[in-house]
Amino acid sequence: FKIYFYFSLIGCVTCLDYDEHYILTFPNGYGRQVNALFGIFILNALSILTVPWIELGGECSINCSKTGYNASIVFHTKPFYGGKKHRITAEIFSPNDKKPFCSIEGEWNGVMYAKYTTGENAVFIDTKKMPTIKKKVRKLEDQDDFESRCLWKDVTYNLKIRDIDAATAAKH
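FYI, in our numbering the residues of the sequence shown are 1 to 172.
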């Protein structure tokens, strides 16, 4: 079986020290599981053979209007046969350039490698070695009614206590 959700979101990350604003788009998300094909029957292997996973796929971009630098990013979905999950490729462009000065490939949840036009190759980032940073969220009483944590608090609570019916009812 296949489930996917399509994002049409745009985000903005601000680097306060440099007064730079980066506009970015997001990949699509796909709920995946492995199915086994036997003749004309498909065996749904969800509960007995595999664990479903979320896969990111599609093209994204990051642009900075102040500097003119931009990046094109592709989250590759796993092919039906062979291949790896979580693959990513990217190209980073200088202002007004048509050719990238850096190409990146690897796994978005692992190690990514950079190849520069100078011939230098290096580890771009190793996400497994990055420290986990606890996010800072305002208290619920300080949030507006339609901020995410406030809006979904009843659903979250009921999921934590494993009351699926109450969680479903809280979504409406």
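C-beta: ideal position from N, C-alpha, C; glycine also.
Alpha-carbon to alpha-carbon, Glu-141 and Ser-148:
Taking the first residue of the sequence shown as 1, we reach residue 148 at position 148. Taking the first residue of the sequence shown as 1, we reach residue 141 at position 141. Ser-148 and Glu-141: Cα-Cα distance of roughly 13 angstroms.
Taking Cβ positions, are Thr-89 and Val-74 nearer each other than 8 angstroms?
Here residue 89 corresponds to residue number 89 of the sequence shown, with the count starting at 1. Here residue 74 corresponds to residue number 74 of the sequence shown, with the count starting at 1. Their beta carbons are under 8 angstroms apart, which means Thr-89 touches Val-74 by this criterion.
Sorted by chain position, which residues of the same chain lie with C-beta nearer than 6 angstroms to Lys-66's C-beta, five sequence neighbours on each side aside?
The residue you call residue 66 lines up with position 66 of the sequence shown. Correct list, in chain order: Glu-20.
Does DSSP put Arg-138 in a helix, a strand or coil?
Counting from one through the sequence shown, the residue named residue 138 turns up at place 138. Note: Arg-138 maps to coil in three-state DSSP.
Can you tell me where the beta strand (DSSP E) holding Leu-24 begins and where it ends?
On the sequence shown, residue 24 is found 24 positions in, with the first residue counted as 1. Element bounds for Leu-24: 20 to 25.
What span of residues does the beta strand (DSSP E) with Arg-32 cover, start to end?
Within the sequence shown, residue 32 is the residue found at index 32, counting from 1. Its beta strand (DSSP E) spans residues 28 to 32.
Comparing the CB of Cys-60 with every heavy atom of the ligand MG, is any distance shorter than 7 angstroms?
Among the components of this structure there are no ligands whatsoever, and the ligand MG is therefore not found.
Is it true that the CB of Arg-87 sits closer than 8 angstroms to the CB of Glu-59?
Position 59 of the sequence shown holds residue 59. Position 87 of the sequence shown holds residue 87. Contact annotation: Glu-59 and Arg-87 have beta-carbon atoms that are not nearer than 8 angstroms.
Candidates Leu-159, Thr-127, Tyr-22 and Val-137: which alpha carbon is nearest Ser-72's?
Position 72 of the sequence shown, counting from 1, holds the residue named residue 72. Cα-wise, what sits closest to Ser-72 is Tyr-22.
What would DSSP say about Tyr-157, mapped onto helix, strand or coil?
The sequence position of residue 157 within the sequence shown is 157, counting from 1. Tyr-157 falls in the helix class under three-state DSSP.
Leu-56 lies in the beta strand (DSSP E); which residues open and close that run?
Start at 1 with the first residue of the sequence shown, and residue 56 comes out as number 56. Counting along the chain, Leu-56 sits inside the beta strand (DSSP E) bounded by residues 53 to 64.
Using the rule of at least 16 other Cβ atoms within 10 Å of the residue's Cβ for burial, across every protein chain shown, is Ile-92 buried or exposed?
Sequence index remark: in the sequence shown, residue 92 carries index 92 (1-based). Taking all protein chains in view, the Cβ of Ile-92 is crowded by 16 or more other Cβ atoms within 10 Å, so the residue is classified as buried.
What's the gap between the Cα of Lys-134 and the Cα of Leu-16?
If you number the sequence shown from 1, residue 134 lands on position 134. If you number the sequence shown from 1, residue 16 lands on position 16. Taking the straight line from one Cα to the other gives about 20 angstroms.
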